[in-house]
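Under the numbering used here, the residues of the sequence shown are numbered 464 to 592, in order.
Beta carbons are placed, not taken as given, at the ideal position from N, Cα and C, and that holds for glycine.
Below is one structure, written out as structure tokens; the observations come after it.
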Amino acid sequence: SYRLFSAICCGTMCNLWVQVFGICALAQEARETQTLVPRLAQRIDYLTHEPFASYEGKLQALRRSQNGSFFRHAMAISLLSQYIIGSFVISVLMVILTVFLTVENFGLANASVLIATFAQSFVVIYFVH
Numbered sequence: 464s465y466r467l468f469s470a471i472c473c474g475t476m477c478n479l480w481v482q483v484f485g486i487c488a489l490a491q492e493a494r495e496t497q498t499l500v501p502r503l504a505q506r507i508d509y510l511t512h513e514p515f516a517s518y519e520g521k522l523q524a525l526r527r528s529q530n531g532s533f534f535r536h537a538m539a540i541s542l543l544s545q546y547i548i549g550s551f552v553i554s555v556l557m558v559i560l561t562v563f564l565t566v567e568n569f570g571l572a573n574a575s576v577l578i579a580t581f582a583q584s585f586v587v588i589y590f591v592h
């Protein structure tokens, strides 16, 4: 089976050299990038391209000051984290609204259980970190 796989991915087919999974080339490019790009510039968010250094200092200062304000923590996190939390809140609100409008027996008690289930994870993260 290895011979078949290597013949398909890295071997010759129809007298042509075919390489389907170029992971070795990708790894070499990553090593070259690490030598050319300064270490600080390598630590970025790959979705928003926000440098880690832009929000790391704010988070460290909040941790050192032991400030428990949720609003300050929310403003200090990365842009991607803000997008994720905002998208989550909007999605949960849309689900609850949809369920309220379409399901006959879905009441306020059911909605509060749904919200509490999701809120529990955020409360744990808030106290742990």
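(request) List the residues that DSSP assigns as beta-bridge partners of P514. (result) Reading the sequence shown from its first residue, position 51 is the one you call residue 514. Bridge partners of P514: I507.
(request) Note down, in chain order, each residue of its chain lying with its Cβ closer than 8 Å to the Cβ of A493, except the 5 sequence neighbours on either side. (result) Residue 493 sits at position 30 when you count from the first residue of the sequence shown. Nothing listed; no residue qualifies.
(request) Starting from the C-beta of F581, find all residues in its chain whose C-beta is less than 8 Å away, skip the five residues before and the five after it, and write them out in chain order. (result) Along the sequence shown, read from residue 1 onward, the residue named residue 581 stands at position 118. Correct list, in chain order: F551, V555.
(request) State whether the region 538-552 contacts the region 508-522, with contact taken as three or more CB pairs (one from each stretch) at a distance under 8 Å. (result) yes
(request) Answer yes or no: do Q406 and Q491 have a C-beta to C-beta separation smaller than 8 Å? (result) Only positions 464 to 592 of the chain appear in this structure, which leaves residue 406 out of reach.
(message) I need the boundaries of the alpha helix (DSSP H) containing Q529, first residue and last residue.
(response) To locate residue 529, count along the sequence shown from 1; it is residue 66. Neither: Q529 is in no alpha helix (DSSP H) and is coded neither H nor E.
(request) Please classify F442: does DSSP put it in a helix, a strand, or coil? (result) In the structure as shown, the chain starts at 464 and stops at 592, and residue 442 therefore has no counterpart that could be examined.
(message) Going by DSSP in three states, R540 sits in which element: helix, strand or coil?
(response) The sequence position of residue 540 within the sequence shown is 77, counting from 1. The question names Arg, yet the displayed sequence has Ile at residue 540. Residue state, collapsed to three classes: coil.
(request) Have a look at T565 and G531 and give me their C-alpha separation to the nearest angstrom. (result) Residue 565 sits at position 102 when you count from the first residue of the sequence shown. Residue 531 sits at position 68 when you count from the first residue of the sequence shown. One C-alpha to the other measures close to 39 Å.
(request) Report the option in F533, R527, E495 whose CA atom is closest to the CA atom of I588. (result) Counted from its first residue, the sequence shown places residue 588 at position 125. I588 has its Cα closest to that of F533, out of F533, R527, E495.
(request) Determine the DSSP secondary structure at G520, reduced to helix, strand or coil. (result) The residue given as residue 520 occupies position 57 in the sequence shown. Helix at G520.
(message) For A572 and A579, I'd like the C-alpha separation in whole angstroms.
(response) Taking the first residue of the sequence shown as 1, we reach residue 572 at position 109. Taking the first residue of the sequence shown as 1, we reach residue 579 at position 116. Each residue's alpha carbon lies about 10 Å from the other.
(request) Measure the alpha-carbon distance for L503 versus L522 and round it to whole angstroms. (result) For this step, residue 503 is matched to residue 40 along the sequence shown. For this step, residue 522 is matched to residue 59 along the sequence shown. If you take the alpha carbons of L503 and L522, they lie about 17 Å apart.
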